[in-house]
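Numbering (the UniProt record's numbering), first residue to last: 1 to 409. Heads up: the structure comes next, in structure tokens.
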Ligand SMILES: Cc1cc2nc3c(=O)[nH]c(=O)nc-3n(C[C@H](O)[C@H](O)[C@H](O)COP(=O)(O)OP(=O)(O)OC[C@H]3O[C@@H](n4cnc5c(N)ncnc54)[C@H](O)[C@@H]3O)c2cc1C
């Protein structure tokens with residue numbers, strides 16, 4: 001069985017790892033960006049229990065060990081919310097079945113995870129190849145077309161091309177994610193600089209939200225590496241080169257579109273410096289101890305984002321074009337589960353395709369079963385992310401929710 005994967009992001013690479021682990025070798029992953037990676041590789045990802053399990057399901061043991069070694073294990077369940085003068089508002093707690101486990105992976109650096117997911121896939125991932133359209137054939141096979149004029153034909157084509165999926169635009173044009181009306185500035189600030197500039201002790205090692213009185217919000221998340229990625233890779237996966245970004249805070253500063261004061265086309269064309277200055281200006285009245293988070297943000301790691309959600313998630317047909325990750329279920333980052341859900345898809349689709357390859361089920365049966373489960377858990381993940389978005393960044397949703405209810409999710 002030949003499997004073509006469109007998109008070498010988190011979900012597509014995890015799928016390729018899983019299929020390889022399971023002994024399937026006829027796989028090609030097509031990624032539009034170069035080997036050095038695309039935009040927005042530099043931030044932290046929270047890893048949920050389900051996401052960690054999926055990573056362990058698809059990775060060989062030495063890469064699991066590398067994942068653990070390079071992760072952040074410290075963030076105990078829960079998050080705190082403060083107003084912009086740093087008065088505490090809420091502190092809902094979450095239980096995590098992994099608490100106390102020595103090899104718990106609570107968060108990872110996205111670039112490091114990408115390096116780990118790429119390990120051993122040298123002959124599989126084709127960089128700089130942009131998918132444009134597909135064609136299905138009577139014999140059930142499917143051909144992918146690329147901007148460079150090349151094509152590839154396989155038995156399965158997996159749409160792992162993210163929130164703006166070109167595959168989805170062709171086969172499910174009505175399924176695009178809904179704009180939640182929030183614009184964000186995603187950034188990275190070196191941890192030592194934020195602390196030297198006054199970030200208070202009680203905010204340093206927690207996932208915190210700052211809810212401004214002016215329609216602006218900040219989500220701040222620490223990333224402290226257990227071991228430096230380059231050293232851990234040298235020991236656990238010789239030959240694999242990982243970069244050391246240093247400990248940092250990831251921040252997402254968000255503003256409702258009506259409070260942005262700028263049209264979208266100008267906001268999305270702003271440089272990292274301009275976005276940093278915009279956030280500094282909009283938070284001038286905030287507590288001075290927060291200033292360093294914005295003032296020391298790295299311009300090359302500062303990007304505009306919009307928050308979107310797929311409402312509702314629906315299964316595609318059970319043919320050879322199979323969706324995975326943000327392409328089928330986009331959610332706001334407030335729940336910290338978008339990538340985890342894509343990883344879960346990758347592990348689930350691996351298991352489904354392995355059964356097809358062994359002749360145990362038909363492709364249609366496998367794809368139907370995978371999608372039935374995927375629609376259920378991704379819908380729950382979107383609902384949870386929207387509930388948190390409602391009280392943390394005040395997205396106006398119909399259903400009334402309170403932090404106490406959210407903490408039980
Ligand atoms: C600010 C922010 C914070 C987040 N934090 C978290 C978190 O803490 N935890 C969490 O679980 N999730 C988080 N997420 C969500 C997470 O980043 C996504 O859910 C995840 O990346 C989805 O993975 P994916 O593989 O579906 O898509 P992606 O990782 O986006 O990968 C898609 C890939 O497809 C490629 N591609 C696109 N079009 C084409 C084409 N035409 N041809 C070839 N290749 C193409 C892209 O270049 C990209 O590499 C966050 C998101 C944001 C914006």
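Ideal Cβ positions, reconstructed from N, Cα and C, are used throughout, including at glycine. In this text the structure is predicted, and so the values were computed from the model without any measurement.
{"Asked": "Residue interval of the alpha helix (DSSP H) (run including residue 266)", "Found": "264 to 267"}
{"Asked": "Residue of 357, 340 and 244 minimising C-alpha distance to residue 56", "Found": "340"}
{"Asked": "Counterpart residues of residue 410 in DSSP-defined beta bridges", "Found": "Only positions 1 to 409 of the chain appear in the structure, and residue 410 is not among them; the question remains open."}
{"Asked": "Residue 288 classed as buried or exposed, judged by whether at least 16 other C-beta atoms fall within 10 angstroms", "Found": "exposed"}
{"Asked": "Residue from 33, 382, 316 and 67 with nearest C-alpha to residue 230", "Found": "67"}
{"Asked": "For residue 279 and residue 294, the rounded distance between their alpha carbons", "Found": "7 Å"}
{"Asked": "Close Cβ partners of residue 160 (< 7 Å) along its chain, the five nearest in sequence each way excluded", "Found": "5, 6, 7, 9, 11, 12, 15, 324, 325 and 327"}
{"Asked": "For residue 377, the first and last residue of its enclosing alpha helix (DSSP H)", "Found": "363 to 392"}
{"Asked": "Cα-Cα separation, residue 102 to residue 43", "Found": "24 Å"}
{"Asked": "Inter-stretch contact at 8 Å, needing at least 3 Cβ pairs: the region 364 to 375 / the region 345 to 354", "Found": "yes"}
{"Asked": "Cα-Cα separation, residue 315 to residue 1", "Found": "23 Å"}
{"Asked": "Check: residue 96 C-beta below 6 Å from any heavy atom of ligand 1", "Found": "no"}
{"Asked": "3 or more residues per run - each beta strand (DSSP E) lying fully within the region 113 to 174", "Found": "125 to 127, 131 to 136, 142 to 146, 151 to 154 and 156 to 159"}
{"Asked": "Beta-bridge partners of residue 1, as assigned by DSSP", "Found": "Residue 1 pairs with nothing; no bridge assigned."}
{"Asked": "Unbroken stretches of the beta strand (DSSP E), 3 residues or longer, contained in the region 192 to 237", "Found": "208 to 211 and 216 to 223"}
{"Asked": "Option in 33, 163 and 142 with minimal Cα separation from residue 130", "Found": "33"}
{"Asked": "Cβ shell of residue 65 (< 8 Å), same chain only, five flanking positions each side left out", "Found": "236"}
{"Asked": "Beta-carbon separation (whole angstroms), residue 187 vs residue 301, contact threshold 8 Å", "Found": "6 Å"}
{"Asked": "Residue(s) in a DSSP beta bridge with residue 29", "Found": "5 and 125"}
{"Asked": "Beta-carbon proximity of residue 310 to residue 283, cut-off 7 Å", "Found": "no"}
{"Asked": "Residue 178, buried or exposed, once every other Cβ within 10 Å from all chains shown has been counted against 16", "Found": "exposed"}
{"Asked": "Start and end residues, alpha helix (DSSP H) containing residue 20", "Found": "10 to 21"}
{"Asked": "Entirely enclosed beta strand (DSSP E) segments - the region 293 to 350, minimum 3 residues", "Found": "303 to 309 and 321 to 323"}
{"Asked": "Three-state class that DSSP yields for residue 106 in the structure shown", "Found": "coil"}
{"Asked": "Near ligand 1: residue 213 beta-carbon under 6 Å from a heavy atom", "Found": "no"}
{"Asked": "Of the residues 349, 395 and 390, the one placed nearest residue 58, counting alpha carbons only", "Found": "349"}
{"Asked": "Neighbour-count burial assignment, residue 202, 16 or more Cβ in a 10 Å radius", "Found": "exposed"}
{"Asked": "Between the CA atoms of residue 145 and residue 434 - distance to the nearest angstrom", "Found": "Absent from the model: residue 434. The displayed extent of the chain is 1 to 409, so no value can be given."}
{"Asked": "Option nearest residue 87 by Cα separation, candidates 214, 256, 210 and 396", "Found": "210"}
{"Asked": "Status (buried if at least 16 other CB within 10 Å, exposed otherwise) for residue 31", "Found": "buried"}
{"Asked": "Residue 190 - partner residues in DSSP beta bridges", "Found": "248"}
{"Asked": "Nearest candidate by alpha-carbon position, reference residue 267, set 359, 355 and 184", "Found": "184"}
{"Asked": "CB of residue 180 within 7 Å of CB of residue 307, strictly", "Found": "yes"}
{"Asked": "Whole-angstrom C-beta distance between residue 270 and residue 337, which should lie under 8 Å", "Found": "With 8 Å as the limit, residue 337 and residue 270 do not qualify as a contact, their Cβ atoms being about 28 Å apart."}
{"Asked": "Interface flag, residue 389 vs chain D, CB-CB below 7 Å", "Found": "Absent from the structure: chain D. Only one protein chain is present."}
{"Asked": "Residues that residue 82 bridges to, as DSSP identifies them", "Found": "88 and 210"}
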